[in-house]
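What follows is one structure encoded as structure tokens, with my remarks underneath.
2 protein chains.
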Amino acid sequence: MTPRIDPLTREVVDLIGSVVFRYHEEYDAAAGKHQLTGAQARVLGLLSLEPMPMRRIAEQLKCEPSNVTGIIDRLEIRGLVERRPDAADRRIKLAAATAAGKETYERLRSSLDFAREPLARLSTDERTALRDILRRMLGLET
Amino acid sequence: MTPRIDPLTREVVDLIGSVVFRYHEEYDAAAGKHQLTGAQARVLGLLSLEPMPMRRIAEQLKCEPSNVTGIIDRLEIRGLVERRPDAADRRIKLAAATAAGKETYERLRSSLDFAREPLARLSTDERTALRDILRRMLGLET
DNA sequence: CTGGATATTTCACGTTGTCAAGCAAATGGG
DNA sequence: CCCATTTGCTTGACAACGTGAAATATCCAG
């Protein structure tokens, strides 16, 4: 009953698996250069865009809020993030990247070699095609 | 001095990040259905192909051998993996998937919905194009 | 045979993740 | 207005994963 997956799809899934593995390696290595773990880097990336309640961070990371408490704790100790009260709701704590946090994240981001090494092998046309296909895969049609 | 990354490349990197996140979610969910963690599933996948010394598992996972000890311990307790002596070198322990382990991994693999849901949105031509681009990205030219 | 390298394990430790319990603050129905 | 419920966050206990250092057993070269 399980629909036999055709060989093409299977190969694509494997290739995506390789890309995922490769991406992680490089992401963690880049984070490590700045003494950050992967999770810390991801949170810092979120907060570089805008301050956010703990709750929403947990939703983005798809984990429990209690987990976020610890991650923010460790970032806060290092002065990369701060907790601010929310003007409208005193239950809420807004986590916000400090100037140092934003700067760290920007440096991390531009040291993400993944942007250069494997993608450099592709022509502009290929990159465009890849972008369009990935958009469709992720359901980001315009 | 840092080469400004062009917008197209930046978007592709972001899209790949989304795919990576998505892939992980689904992979962990599929593993969870079989009471496995992501790391356990990955090891079981390796050992489904062939038995392997602890050392080599660590290399494949890019982690320390001491970490592998624990992962194999937990799989062994559940009868999915066993440690065998190596005929030629008594220092080596070959980790091998048991019949139950192989079966579990095959079930896990076919429940990997990532193969269906997002890729189903693509035509065969798009999938072929994606395969070719990913191959080039990963340096798997023929 | 001896000394050095290799394979694995053990231990201590830190981070990430879960779940349950608890506290503070908001909210809605009577 | 008031109480019950819900919501947001933290705490504590626990497990998996990951590192690094030290211990043990085995191999191998000289």
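Residue numbers (full-length UniProt numbering), protein chains in the order written: chain H, 1 to 142; chain C, 1 to 142. Just so you know, even glycine gets a beta-carbon here, dropped at the ideal spot from N, CA and C. Every value quoted in this text rests on a predicted model; they were computed, and no experiment measured them.
Among the options, the one whose alpha carbon lies nearest that of residue i
i             : options                             : result
Asn67/H       : Arg109/H, Glu141/H, Arg55/H         : Arg55/H
Ala97/H       : Arg74/H, Val20/H, Ser111/H          : Arg74/H
Arg136/C      : Pro7/H, Ser111/H, Glu117/H, Ala58/H : Glu117/H
Pro65/H       : Gly79/H, Ile92/H, Arg78/H           : Ile92/H
residue 223/C : Gln35/C, Ile57/C, Glu59/C           : Since the first residue of chain C shown is 1 and the last is 142, residue 223/C is not available in this structure.
Ala88/C       : Pro53/C, Ile71/C, Val13/C           : Pro53/C
8 Å contact criterion, which residue i and residue j should meet: CB distance rounded
i             : j        : result
Pro51/C       : Arg84/C  : 7 Å
Thr9/C        : Arg22/H  : In fact, because the Cβ distance is near 16 Å, the residues do not count as touching under 8 Å.
residue 146/C : Leu108/H : Examination of residue 146/C is not possible in this model, given that chain C is present from 1 through 142 alone.
His24/H       : Val20/C  : 7 Å
Arg119/H      : Leu15/C  : One point to set straight first is that residue 119/H is Leu, not Arg, in the sequence displayed. Not quite, the Cβ-Cβ distance comes to about 11 Å (not below 8 Å), so this is no contact.
Arg121/C      : Gly139/H : 7 Å
Cβ neighbours of residue i in the same chain (closer than 7 Å, five flanking residues each side left out)
i        : result
Ser111/C : Ala30, Lys33
Glu82/C  : Glu76, Ala96, Thr98
Met1/H   : Legend: pLDDT at Met1/H = 46, less than 50; position of this residue unreliable, no value from coordinates given.
Gly79/H  : Thr98, Ala100
Lys102/H : Ser48
Asp132/H : none
8 Å Cβ shell around residue i - same chain, five flanking residues per side excluded
i        : result
Cys63/H  : none
Ser39/C  : Residue identity check: residue 39/C is Ala in the sequence provided, not Ser. So the qualifying residues of the chain are Leu61, Ile71.
Ser123/C : none
Glu106/C : Ser48
Ala58/C  : Glu64, Pro65, Asn67, Val68
Asp86/C  : Pro53, Ile92, Lys93, Leu94
Tyr27/H  : Gly38, Ala41, Leu112, Phe114
Glu141/H : Arg135
Same chain, Cβ closer than 6 Å to residue i, neighbours up to 5 away in sequence not counted
i        : result
Pro7/H   : none
Asp125/C : none
Enumerated in chain order, which unbroken segments of the beta strand (DSSP E) with a length of 3 residues or greater are wholly contained in the UniProt domain "HTH marR-type" (9-139) of chain C? With a minimum length of 3 residues, the continuous beta strand (DSSP E) runs that stay inside the UniProt domain "HTH marR-type" (9-139) of chain C are 81-85, 93-97.
Under 8 Å: do the stretch 95-109 of chain H and the stretch 39-48 of chain H share three or more Cβ pairs, one atom per stretch? yes
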